[in-house]
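Protein chains in written order, with full-length UniProt numbering: chain A, 1 to 222; chain B, 1 to 222. We put the beta carbon where it would ideally sit given N, CA and C, even for glycine. Remember, it's a predicted structure, so these values are computed and weren't measured experimentally. To start, the structure under review is shown below, and the notes come after it.
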């Protein structure tokens, strides 16, 4: 039986992009099921009852939610391009940094938009971005993965592409390029990678009021 | 060369406990380096410059921070007791739930203490605990891992043991047993497991003011 691979997706989502990029790197073809985020399908709610969010990968009927969990699964099932290293120690380092960027760092960024640019939120986001900046500076590589992108680059793709759109859309510009030259250089390199260019969604800036309302609801102080 | 395994730890930490339990399940011996959380060692700051927290495992000089990252490493390196399943799909399910409990669920609980029992924080914690309750009810197993504990049980150990101490210490009792009978039953089963009993730290209730100040600083609304 041929594998049946369905990816529940939503155009423009940075989290869906991560999974699509992983599939392209592996050379695996899949079918996309486009979700309407304002009117989610019964299938999406059944496959991801906890978070009710895309992406969800359904492989031969087995649902897997959460982008980084999906990518570890893809790397476990399909050989070819290594998204995580094989060596257990190197693998743990990659898991640590992907998790740091996915949770601590991106969350701090989202809270800037959620708080409509509050000073304490910007200070926290700068602090976490500085951790990433220092890592790139110390290692001096083209990508987090060295000469080629790996799970950390994929996790950080939000910073390379979506962050700029959100800054422009909300008018909250808080990541000066001269403060984070290594991140800027990494983002330039990342966005030049052929497979990345193939999968990146179009640059679309939603209206400011809509963006701010969305982020306040999701990432504002509760 | 024999493996050199040093675990930077702090008595009573639920996150250190997770790693100790994983080592005991594997039958691997290690050396503990006790940290003074109020005066952290230069080694701890060097090995975990991002979070500056225990646990950190140092294996033949290679540092690994973050309890769940450490446990995946332990499961990758040492065979024997399987902490994660071998099958990629089952493994992804375990990763999903361990991450949900570690981040979403426990974070919601910690915010109850951080907000000194605010109503909205209690409602959110109840909502996330209900997700866990439903999972146990649907599956009807003794443990999240089935007949034996796995990574999900280890991630959830905070709920089985530390949550009750914090409720008692702070006086904020918000998890009624009759509302979560399956979680209560699971916790009873978990705390009866011989290896769990061997590693659990003593029941110690810090003073209320100290607890509330700690949680407000770490998990209060910012």
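| field | Segment contact, 8 Å Cβ cut-off, at least three pairs: the stretch 64-78 of chain B with the stretch 84-100 of chain A | value | yes
| said: Suppose you measure from the CA of residue 177/A to the CA of residue 82/A; what does that come to, to the nearest Å? | reply: 31 Å
| query | Is residue 7/B closer than 9 Å to residue 50/B when the C-beta atoms are compared? | reply | no
| Which listed residue (18/B, 171/B, 3/B and 169/B) has its alpha carbon closest to that of residue 151/B | 18/B
| C-alpha distance - residue 132/B paired with residue 102/B, whole-angstrom precision | 12 Å
| Taking the beta strand (DSSP E) that residue 32/A falls in, what are its first and last residues? | 31-34
| Per DSSP, residue 8/A forms a beta bridge with which residues? | 33/A and 56/A
| message | Below 7 Å on C-beta distance, what does residue 95/B contact in chain A? | response | 69 and 72
| message | Taking the alpha-carbon of residue 224/B as reference, which of 45/B, 129/B, 20/B and 208/B has the nearest alpha-carbon? | response | Nothing about residue 224/B can be read from this structure; chain B reaches only from 1 to 222.
| Residues within the stretch 79-90 of chain B neighbouring chain A, beta-carbon criterion of under 7 Å | 88 and 89
| Would you say the stretch 73-81 of chain B touches the stretch 9-28 of chain B, given that touching needs at least three Cβ pairs under 8 Å? | yes
| Between the Cα of residue 16/B and the Cα atoms of 42/B, 62/B, 38/B and 71/B, which residue gives the shortest distance? | 71/B
| request: Give the range of the alpha helix (DSSP H) segment to which residue 83/A is assigned. | output: Premise fails: residue 83/A is in no alpha helix (DSSP H) and is neither H nor E.
| request: Return yes when the Cβ of residue 120/B is within less than 9 Å of the Cβ of residue 175/B, no when it is not. | output: no
| query | Mind checking if residue 66/A is an interface residue toward chain B, Cβ cutoff 9 Å exclusive? | reply | yes
| request: Label residue 91/B either buried or exposed according to how many other C-beta atoms from any shown protein chain fall within 10 Å of its C-beta, with 16 as the threshold for buried. | output: buried
| message | Please report the distance separating the alpha-carbon of residue 189/B from that of residue 2/B. | response | 36 Å
| Under a Cβ-count criterion, where at least 16 other Cβ atoms within 10 Å of its own Cβ denotes burial, should residue 20/B be classed as buried or exposed? | buried
| Residues that residue 143/A bridges to, as DSSP identifies them | 146/A
| query | Below 9 Å between beta carbons: does that hold for residue 208/B and residue 170/B? | reply | yes
| Short CB-CB distance (under 9 Å) between residue 76/B and chain A | yes
| Coil, strand or helix - residue 64/A by DSSP | strand
| request: Identify each residue in the stretch 131-151 of chain A for which the Cβ-Cβ distance to at least one residue of chain B is less than 7 Å, and report them in chain order. | output: 131
| field | chain B contact residues for residue 62/A, given Cβ-Cβ distances below 7 Å | value | 89
| message | Under DSSP, the alpha helix (DSSP H) around residue 169/A begins and ends at which residues? | response | 163-170
| request: Give the straight-line distance between the Cα atoms of residue 113/B and residue 172/B, rounded to the nearest whole angstrom. | output: 7 Å
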